[in-house]
Every structure is written in C-alpha cells, then in structure tokens.
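J.:
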Amino acid sequence: MLDHCSISHKGGVVLWSHSFTPESAQITSSSASPVNSLIREALIEGRTAEEKYEKDGYAVKWTFVNDLELIFVVAYQRILQLTYVEDLLTAMKALFIKLFEPFLATFVASLHAINKGKSTSLPTRDTSSLWNFAKAFDGWDKVFDKLLRGFEEKAALERKSRFRPVTHTEQIIPSPPSDDFSTLPSESREVPQDEQQISRNVQALKDRLRGRGGRRGGRGTLRTESGSGRDSAPTSENESTKRKTKAKTQRKWGDAVPSESDMASLDFSVDKLNSDANGFSSRDLQSLVDEASLGTRTEDGMYEVKDWDFSQKDDKIDHDIARALRPDTNKQSTGSLGSLGSLFARLTGSKVLSEEDLQPVLEGMKQHLMKKNVAKEIADKVCEGVGESLVGKKVGGFQTTSNAVRLALSSSLTRILTPKTSTDLLLSIRTKLSLPLPSSQQRMPYSIVFVGVNGVGKSTNLSKVCFWLIQNGLRVLIAACDTFRSGAVEQLRVHVRNLSMLGVDGATNSKGRVELYEKGYGKDAAGIAKEAVAHAKDNDFDVVLVDTAGRMQDNEPLMRALAKLVAVNSPDKIIFVGEALVGNEAVDQLTKFDRALRDFSGASSSRSRGIDGMLITKWDTVDDKVGAALSMTYVTGQPIIFVGCGQTYTDLRQLRVSNVVQAILSD
Amino acid sequence: MKDHFQEETVASPIPEVAPFVGSLSAQNLVLLSLAVTVLFFIVLSFTRKKSKSRGNDLLLLGPPDSGKTAIMSNLAYDQTLPSHTSLQTNLAQVVLSPTKTLRVIDVPGHPRIRDQFREHLGDAKAIAFVVDSSTISRNASVVAEHLHHVLHAITSLPPTQSTPALLILAHKMDLLKSGASSNSATSVAISRVCTILERELEKRRASQSGGVGMESLGADGEGSEMGGLDCSGPAGGTFKFSEWEGGEVYFAATWVKVGENKDVEKSSGEDGLDGLKEWLNQVSK
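The listed protein sequences correspond, in order, to chains A and B. The numbering of the first sequence is the numbering used here, which starts it at 1016 and goes up by one. The numbering of the second sequence is the numbering used here, which starts it at 143 and goes up by one.
(1) Within the same chain, show all residues whose beta-carbon is closer than 8 Å to that of A:Phe1166, passing over the 5 residues directly before and after it, in chain order.
(2) Can you tell me whether A:Glu994 is helix, strand or coil according to DSSP?
(3) Against chain B, does A:Leu1058 count as a neighbour if the rule is that its beta carbon must be under 8 Å from one of theirs?
(4) CB B:Leu415 to CB B:Val398, shorter than 8 Å?
(5) On the premise that B:Gln230 lies in contact with A:Lys1025, defined as a C-beta separation below 8 Å, what is that separation, rounded to the nearest angstrom?
(6) Taking 7 Å as the limit between beta carbons, can you name the residues of its chain near B:Asn216, skipping five residues before and five after?
(7) Listed in chain order, which residues of the region 1046-1070 of chain A have Cβ atoms closer than 8 Å to some Cβ of chain B?
(8) For A:Val1491, write down the residues that DSSP places opposite it in a beta bridge.
(9) Any C-beta of chain B within less than 9 Å: which residues of the region 1570-1590 of chain A qualify?
(10) How would you call B:Pro206, buried or exposed, if buried means at least 16 neighbouring beta carbons within 10 angstroms?
(11) Which residues mark the beginning and the end of the alpha helix (DSSP H) in which A:Thr1043 is found?
(12) Can you tell which of A:Asp1666, A:Ala1644, A:Ser1039 has its C-alpha closest to the C-alpha of A:Asn1674?
(13) Within 8 Å of any Cβ in chain B, is that where the Cβ of A:Val1028 sits?
(14) If you follow the beta strand (DSSP E) that B:Asn232 is in, where does it begin and where does it stop?
(15) Would you decide whether A:Pro1191 is buried or exposed? Buried here means 16 or more other CB atoms lie within 10 Å of its CB.
(16) Can you find at least 3 beta carbon pairs, one from the region 1389-1403 of chain A and one from the region 1063-1076 of chain A, that sit closer than 8 Å?
(17) Exposed or buried, B:Thr241, counting other C-beta atoms within 10 Å across all chains shown (16 or more means buried)?
(18) Grab me the residues of A:Thr1663's own chain with a C-beta within less than 6 Å of its C-beta, minus the 5 sequence neighbours each way, in chain order.
(19) For the region 281-315 of chain B, list every residue whose C-beta sits within 9 Å of some C-beta in chain A, in sequence order.
(20) Leaving out five residues before and five after A:Asp1395 in sequence, what residues of the same chain have Cβ atoms less than 7 Å from its Cβ?
(21) Of all Cβ atoms in chain A, is any one closer than 8 Å to the Cβ of B:Ala266?
(22) Would you say B:Thr275 faces chain A, with C-beta separation under 8 Å as the test?
(23) For B:His291, name the three-state secondary structure that DSSP assigns.
(24) Give me, in chain order, the residues of the same chain whose beta-carbon lies closer than 6 Å to that of A:Arg1749; leave out the 5 immediate sequence neighbours on both sides.
(25) What's the C-alpha gap between B:Val284 and B:Ile310?
(26) In chain B, which residues lie with their C-beta within 9 Å of the C-beta of A:Pro1434?
(27) Judging by CA-CA distance, which residue of B:Ser279, B:His291, B:Leu171, B:Thr305 is the nearest neighbour of B:Gly264?
(28) Report back the beta-carbon spacing between B:Arg254 and A:Arg1430 to the nearest angstrom; my notes put them in contact at under 8 Å.
(29) Is DSSP giving A:Glu1594 helix, strand or coil here?
(30) Just tell me which of A:Ala1057, A:Thr1121, A:Val1080, A:Ala1170 has its CA closest to the CA of A:Gln1096.
(31) How would you write the range of the beta strand (DSSP E) that B:Arg245 sits in, first residue to last?
(32) Would you mind stating whether A:Phe1498 and A:Tyr1536 have Cβ atoms separated by less than 8 Å?
(33) Using the rule of at least 16 other Cβ atoms within 10 Å of the residue's Cβ for burial, across every protein chain shown, is A:Ala1578 buried or exposed?
(34) Which two residues bound the contiguous alpha helix (DSSP H) that contains B:Leu309?
(35) Starting from B:Ile269 and walking both ways along the beta strand (DSSP E), at which residues does that stretch end?
(36) Mind checking whether A:Arg1613 and A:Gly1628 have CB atoms under 8 Å apart?
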C-alpha cells in the first residue's frame, strides 16, 4: 500500500528508508524522488503547515522531531485513500525515538561539531565502529514491519466492517421484492457494528419474507427459494433448534433490543485482534480460519504462520510498541517530582518549547504580520510553519520564547522571499540573444508579457522597464495589446515619444532604439502580439514588451484570451504586475492568474506555464507595510523581479530581501 | 542674613558635584583608563585566539544534488550514507590525521538557503565548490550563478582576513561516460567542468560590464553590483580561473559510492575522495 518510507536528518542524511515496490525504489534513489521534491518545493519554501504534498502521482506526508532534527516521511500512491498514514507517522516517531534516542543524540551532536574538544581526542579507528549505522538501527526493520502490519490490518478491518452491510443486503436482493425492503438497507447501514446483530437482522428478514412469500405466491415461490438458499428451506425447525442450543449457553436472543453490554460480550472481532499471538483454544482457531476465508486478504494464512514462528520475538516487539505508544507514566511522576527541576532546567538553559508556550506568541506574530498587510491566509500558514519548526526545540537560558519565535520567523521570511531562480533579466536576455542559431534562421527577440488586474500600473512600469533596457543598449519594441481601454495606445505612444527623446551613451536622443507597434482598438490581442514579434524579428529589435489589458481574475473569457496570447507567442517571461497596496486579494489574484495561464494555455500539460516573476508597483505608498511582497512570493514561489517606487522612469528598483524582512518585522 | 541663607541654598549643589569630579581627577583617572585598556586588550586577545583556533573549516558549497552531504558523511563517518536534499547546514568534525582535525561545514545548495555560507566564511580555511560533473552541461548557468556568488563573497572579504583556498570539485566523475583509464577520466572531468564554468562566468561578466545596473531598494550607498570576476589577464580577455584575481583556484575530480562502507572500498584499493584529501593535506599544512 505504501510506496516509500524514510527517516532522515534535516541535514540530508537518510538514517533509514524502505521502498515497498521496485519502481519506487528506483525513483527514490534518483534525484527526482518524492522526498527530494517535498523538501525543495514545500519544506524549504516554508510550506510546512500544509498537510500533505502531492507530486507525480505520489502523496507525501511528513512529520518533524525538532529536538533531534529528524524528518519522518511516508509516500504513497495518491489515488489510495489511506487513513492510517498520520497515525503511522506518529507511532513511528514515538517508537523510533524511544528505541534509538541515545544514538540519535550523539549523531545529531556530531553534525553540529559541539563536542569539539572531545572528538579530537577520539582515535581514528573508533569512528568507524562508532558510526555503524546498519547495526545501530538493527531491530527497526522488524519493528516497523510489525507496526505497519498492525495499522494495515486495522484499516482492512475497518473497511470490512464498512462494507459488510452492503454484502448482506446483496445476498437478500435476489429474493422477491416487497414494500418493507426499501427501508432495510438504510436501517442496516445505521447499525453495522455488530456482526451478530446483522445476521440476526437477516434471519428476521428471511422469516418475514418466507411468511409473506407463502402468503402471496404460494407454493411456487417457496420451492424456488428452497432450491436457491439452503438455509431457508428447513427454516422453522432449524431456527428452533438453534434457539435451543443457544439457550443452553445462556445467551440471550430475546426480541428486546440488545444493550451495550450485550454487544460487547458478543463482539469477538476486537478481542481476537489483540490476542493475536497469545495462543488460541482450538475453537477460537476455528473461528479465526472462518474469518480469514471470509476476509479479503488471501495471504492472511501466511501471515499467521509466520507470526507463529517468530512469536517470541514478536512478543518482544509488541511489548516495545505498546510501551512506546503508551502515554508515559514514568515521565509524569518525574515531572511531578518538582517544579524545582524545571526551574533548574530553565536556569541551565534547556527549556523545551511546547505548543502551549508558542501559541500566544505565534498568535501575536500573526496579528503583527496582518498589520503589515500580509494576507491573512499567508500569515496563518507562515506562523503555523514556524510553530511546527519550533515545537520540541530547546532554547537557551537567556532566550525568551518570543525571541526564539522572532528569530525563526525572520529566517523563514528570508527563505520565502529569497528568489530560487535568477532574477537577472539582463543576463537572460543577453544569453538568449547570443545563442548560436542555424544560419537560415533569424534571431528571435526576447519577449516579455506584462499581466495584471486593472489599474495596477502595467503600462507605466512597462515603460520604466523599457527605459532601463534602453539604457543597457538594447533595442526595444513595445506592443500595444491593450485594445480595450480607451487611451491605452495613446498612453504608450506618449511614453515611446518621451523615451526616444532621452539620450543614451552620449547620443542626444535614442531615436530608433524604441518603437511602438500598434493596431488600434478592438483587435485580437494575441494576433497583434504575434505580428509585433514578427516585426521585431524583421527589424532587428532585441526585446519585445507586450502590454496587455487589465482584467479581473474572475473574468473567465478575458483570462482565456490572455492564456491564448501566452500560448500563441510563448514569451520568454510572463511578469505579473501587482500593487503593494493589495491585501488579502493578492492571494486570489495570483492563484487565479497562475492557474488560468496553466489551465487554458494549450492542450499539452507538459508545456503549460504560469507566472515567471512579479513586479510590485506603488511601493512608495505603503511605507513599511510591505506584506504584499511576502504574500505574492509565498503564493507563486516566484521572485519579485522589480519594484516600482515613484513617478519617473528611473523609479524602478530591485528588491533587497533583508530590507523587506526588516520592514515586516519592525514594530 | 536672609540673603546669606539664600546664597547657601544656591551654593549647596556645588559641593555635591565637586567631590565627584575631584575623585576622578589626576591619579584615579589614569588608573581607570589603564584598567579600561587592559580590559580591552584582554577582550581583544580572547577574540583573536578564538578566531585563530576556529579558522580551520572546510566549506562544502555547490548546487543541490551535487553530493556535498555524501562527501561530508564519507569524511566524517568513513562511510557514504544515502542522503536527500538538505534543509540545514551540517557541521562535522573530521580527523584528517592523528594530529590534524578539520571541521567540515556542509551548506545546503538550494537557492533559497545557500546564502547561509556567508556566516561561516570568516572561519573558513578552505572552500570546496562541489559540482556534479555528469550534469554540469545541462544546468551550467545555475551552477555558474552560484559560483559567482561564492567568488564575489571571497573577493569582498575584508583585507585583514586571509582568503580561503578554493577548490572546484568535479564530483560524480564515475558517472561521466569515458572508457579510458582512471587518470584520464579525472582530467576529462576536470577540463569539462572548467571550460563550461569559464564560459558561463564570462557570459555573466560580459553582461555586467556592459550594462547599467539597477539600484536596489533602500540603497544605502552599497551597490548591488556583483563583482568578483576580475582577471589579471590582458584587458578584454575572457574569464580564466588561472587568471582570477581572488587567488588560486584548484581543481580535483572525485566520486563516492553511496551505501558502501569504507572497508570495502579499501579492499578494492581505491578511494574516490583521494583528490580532495590530497588537496586538504596540502592546504592545511
């Protein structure tokens, strides 16, 4: 059922891993393993608050142990609805730490080079014997197998009990329909717990049926029924004898509704599961076999035999599992030994952060982030992620909880805001232009599309980018693809006129360095963009800047048109223009633009692409409430390429991550 | 009489101040300043000692999936443990020879957290930039960007600090397709990594030297321009590692086998990390 399971250190060393199928073993040994992509795309980006991560048909769930810096990961096929994975993870976590804590502690310490003086004195020979990882985790394979099997069996049992009423009703359906029937399935589904009860229901129903059938159809139906169902033929006698024998064993089969205690005494399934390897009386064994033949899993028999062989060992493992999973009573007693101990612990600087400690601080941080204009959803997730990375961590004696949280938050923000792809636009333009190409082909210009909602400043900032490109000696063509808003083309024309009058490199004006490509209003934007690119190719322009009409993210026809423009021209960069004033709306805008571009741009999903970068405008209007930058980078994971911060052509800046983090954290 | 009284009350603050000044004057002042200077020197000597003893680190840098953690585990635990993308920095103590130890710092290569190496740069004695030689041609520009950051950081170190030695490690050379003997495989891997990186870095240098940079937000006089690619060669020449101004750049080619214990390797008579170890011995002399 599971595909892969691993226990590893946050530093990257895998302590133990197990693949359940050859394919997953192959995948996980390559760099495209689900664990790798989980870390790269979820954990490093601060998305630890999300419950699970899906990639390439795998669903991945994980959990942290912060004081030992361990990550537990389970990967399985996404289509499987495995309910026990989270329980498995917690159980695994508890067990693994219980069993191997001393070794893990020394291992983690060795990865921090804390015991510097000590390790120098260690002879070289010792290290190899000290770090025998295979030996250290010797028994874990068996423990894990046992644990997993336990969970799988439980899940299978649950499923069985869920499906059982259905199978029973199916058995009944062949018999002649009647009015009473329609109510039955729902009724039996409501009380599916007790097998005995179900069988009793069935029996009662059959009785009723027989009576009705006899009344209605007479002899014919009765005969066919007796032919088909063996148990219903000698009914009345059988029933009475059964009742008699049961009466001997003092079992109550009254017409009264069974009470709780009755149900408990009749429930054999739970009991049987627990006393798995403890030995059965022959009668119990018989019932077990019956159960197995009834069940869905054919290998059950195999399992039982195996268990029997290793019963001794399993007992021990069982014991271990039970001990580890039991809420620790020992610890409680030592804890009650005195608050004096905790006081000392605090003085000596080993306070362990608990969830209760963190809760108020995190709540305060969340409020603070929201005051800085971070979207609520993002603030929630970031704080939750920070909390997850701190629970169980030891903090130094002089460090307060809020300080620790602040530190973790700051590093988390830095991580989210740091671009993971190059933001050097100039370099990528130059790289594309200098690519060697076949002699027959002409050089394609570098094209950039600006998208965004209405009135955020697409055209204005496009002209700023254009100015910067001209200053760098590139020839730029502006394509006026906003064919909707009146004045949009004229606005660009004014910009082009201004820009061509500004001097570059000593020349008094930059005429010929920038041109406008326009086809008036009401035309197809995608077509104009295509023509513009062709025009640029013929006239040896280096860069094409495509200005699009602003649109609301909910307007599907317009979003489709935008996706078409992207699909037809496949630009080198799609830049989303957003304003720094935006609050909660940022999340919605970006997700919808991104998704629309991905969903509508062509049939082939492999070529679908979203936003490549962002440009934040009106930065000068928000002072230190720069939360929009965080919201936007968190949603897309793409970098902020430029920041527009004023009225003139030179007011375009690159974002400095440390500044933004500082601004967000400042009071 | 009344007047006199008033004068007294006015004058009373003066006697209170005067003793204080008096106590500080002359000898005491000298003593105090002497004490301060002594304290200052003590603190200074402590910090100096600290930095001296700690300047013994090997930084493992490089793009993700290039094998930094594998090298680290090989050095530290004498066996190559399986690993995945790192989330945080590893620091491990490595015994080079009975008298020599080294702290190996393995910094994650993910673009979002790779800048953490700057924190450790002050104590670094050597930097090994690990490159996956089997995939270098595919993601050359990304690797070059990372290397550019490292080179920039090295050249912008304050002059009081000794610059760490830089090694570019062509790792995973066993994955490189070449049917020749191991010696030539080494040189193939090295020359390949070297030429590709030089080409990419030259591109970066050219694009910067010609362009007008953009100020970064909240510019406080410090330019966002990334330098660190200056060469001592003839003006207008392309970027060459041999002519790089930041110091000498060494090359080595290595490989490790994941999951193998050192004993097995020893019996087969070869060690994939020989190149690295040789260089470390040479540097840490």
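Backbone N, C-alpha and C define an ideal beta-carbon position, used for all residues, glycine too. Bear in mind that the values here come from a model prediction, so they are computed numbers and not experimental data.
T.: In brief:
(1) In the first sequence, residue 1166 of chain A corresponds to position 151, counting from 1. So the list reads Tyr1099, Asp1102, Leu1103, Ala1106, once near-sequence residues are dropped.
(2) In this structure chain A extends from 1016 to 1682, so residue 994 of chain A is not present and cannot be described.
(3) As a working note, residue 1058 of chain A is residue 43 in the first sequence. With 8 Å as the cut-off, A:Leu1058 counts as an interface residue toward chain B.
(4) The residue given as residue 415 of chain B occupies position 273 in the second sequence. The residue given as residue 398 of chain B occupies position 256 in the second sequence. It is a contact, given that the beta carbons lie within the stated cut-off.
(5) Translated into positions along the first sequence, residue 1025 of chain A becomes position 10. Translated into positions along the second sequence, residue 230 of chain B becomes position 88. Confirmed, Cβ separation roughly 5 Å.
(6) Locating residue 216 of chain B in the second sequence gives position 74, where the first residue counts as 1. Cβ within range, chain order: Thr222, Val398, Leu415.
(7) Ser1046, Ser1048, Val1050, Asn1051, Ile1054, Arg1055, Leu1058, Ile1059, Glu1060
(8) In the first sequence, counting from the first residue as 1, residue 1491 of chain A sits at position 476. According to DSSP, which records beta bridges pairwise, A:Val1491 is partnered with A:Val1529, A:Val1558.
(9) none
(10) For this step, residue 206 of chain B is matched to residue 64 along the second sequence. With 16 or more other Cβ atoms within 10 Å, it is buried.
(11) In the first sequence, residue 1043 of chain A corresponds to position 28, counting from 1. Looking at the DSSP string, the run of the alpha helix (DSSP H) that includes A:Thr1043 is 1037-1044.
(12) Your numbering for residue 1674 of chain A matches position 659 in the first sequence. Out of A:Asp1666, A:Ala1644, A:Ser1039, A:Ala1644 has the C-alpha closest to the C-alpha of A:Asn1674.
(13) Locating residue 1028 of chain A in the first sequence gives position 13, where the first residue counts as 1. Chain B, which has a Cβ nearer than 8 Å to the Cβ of A:Val1028, makes this yes.
(14) The residue given as residue 232 of chain B occupies position 90 in the second sequence. It spans 232-239 - the beta strand (DSSP E) in which B:Asn232 sits, taken as one unbroken run.
(15) As a first step, residue 1191 of chain A is located in the first sequence; it is residue number 176 there, counting from the start. Low confidence applies to A:Pro1191: its pLDDT is 45, below 50, so where it sits in the model is not reliable, and the reading given next is rough at best. It is exposed - the Cβ of A:Pro1191 has fewer than 16 other Cβ atoms within 10 Å.
(16) Because the criterion of three Cβ pairs below 8 Å is met, the region 1389-1403 of chain A and the region 1063-1076 of chain A touch.
(17) Here the question's residue 241 of chain B lines up with position 99 in the second sequence. Label assigned to B:Thr241: exposed.
(18) Residue mapping note: residue 1663 of chain A aligns to position 648 of the first sequence, counting from 1. If we look at A:Thr1663 and ignore the five residues flanking it on each side, it has no Cβ neighbours.
(19) Ser283, Val284, Glu287
(20) As a working mapping, residue 1395 of chain A is identified with position 380 in the first sequence. Only residues of its own chain outside the window of five on either side were considered, and among them Lys1381 have a CB closer than 7 Å to the CB of A:Asp1395, listed in chain order.
(21) The count along the second sequence starts at 1 and reaches residue 266 of chain B at position 124. Contacts with chain A at 8 Å (Cβ-Cβ) do not include B:Ala266.
(22) Counted from its first residue, the second sequence places residue 275 of chain B at position 133. Before going on, a small fix: residue 275 of chain B reads as Ser here, not Thr. Closer than 8 Å: no.
(23) Reading the second sequence from its first residue, position 149 is the one you call residue 291 of chain B. Here B:His291 sits in helix by DSSP.
(24) There is simply no residue 1749 of chain A to check, as chain A begins at 1016 and stops at 1682 in what is shown.
(25) For the purposes of this step, residue 284 of chain B is taken as residue 142 along the second sequence, with counting starting at 1. For the purposes of this step, residue 310 of chain B is taken as residue 168 along the second sequence, with counting starting at 1. The alpha-carbon atoms of B:Val284 and B:Ile310 are separated by roughly 15 Å.
(26) On the first sequence, residue 1434 of chain A is found 419 positions in, with the first residue counted as 1. Those are Pro253, Arg254, listed as they occur along chain B.
(27) Counted from its first residue, the second sequence places residue 264 of chain B at position 122. Checking every option, the nearest Cα to that of B:Gly264 belongs to B:Thr305.
(28) Position 112 of the second sequence, counting from 1, holds the residue named residue 254 of chain B. Position 415 of the first sequence, counting from 1, holds the residue named residue 1430 of chain A. Right, their Cβ atoms sit about 5 Å apart.
(29) Counted from its first residue, the first sequence places residue 1594 of chain A at position 579. A:Glu1594 falls in the strand class under three-state DSSP.
(30) Along the first sequence, one-based indexing puts residue 1096 of chain A at 81. Selected option, being the one with the closest Cα: A:Ala1170.
(31) Numbered from its first residue, the second sequence carries residue 245 of chain B at position 103. First-last of the beta strand (DSSP E) with B:Arg245: 242-248.
(32) Position 483 of the first sequence, counted from the start, is the residue given in the question as residue 1498 of chain A. Position 521 of the first sequence, counted from the start, is the residue given in the question as residue 1536 of chain A. Here the sequence assigns Thr to residue 1498 of chain A, which means Phe is not the residue at that position. Contact flag set, yes.
(33) Counting from 1 along the first sequence, the entry for residue 1578 of chain A is found at position 563. So A:Ala1578 ends up on the buried side.
(34) For the purposes of this step, residue 309 of chain B is identified with residue 167 of the second sequence, where counting begins at 1. First-last for B:Leu309: 307-313, but that is the beta strand (DSSP E), not the alpha helix (DSSP H).
(35) Here residue 269 of chain B refers to the residue found at position 127 of the second sequence. Run containing B:Ile269: 266-274, per the beta strand (DSSP E) assignment.
(36) Position 598 of the first sequence, counted from the first residue, corresponds to residue 1613 of chain A. Position 613 of the first sequence, counted from the first residue, corresponds to residue 1628 of chain A. No.
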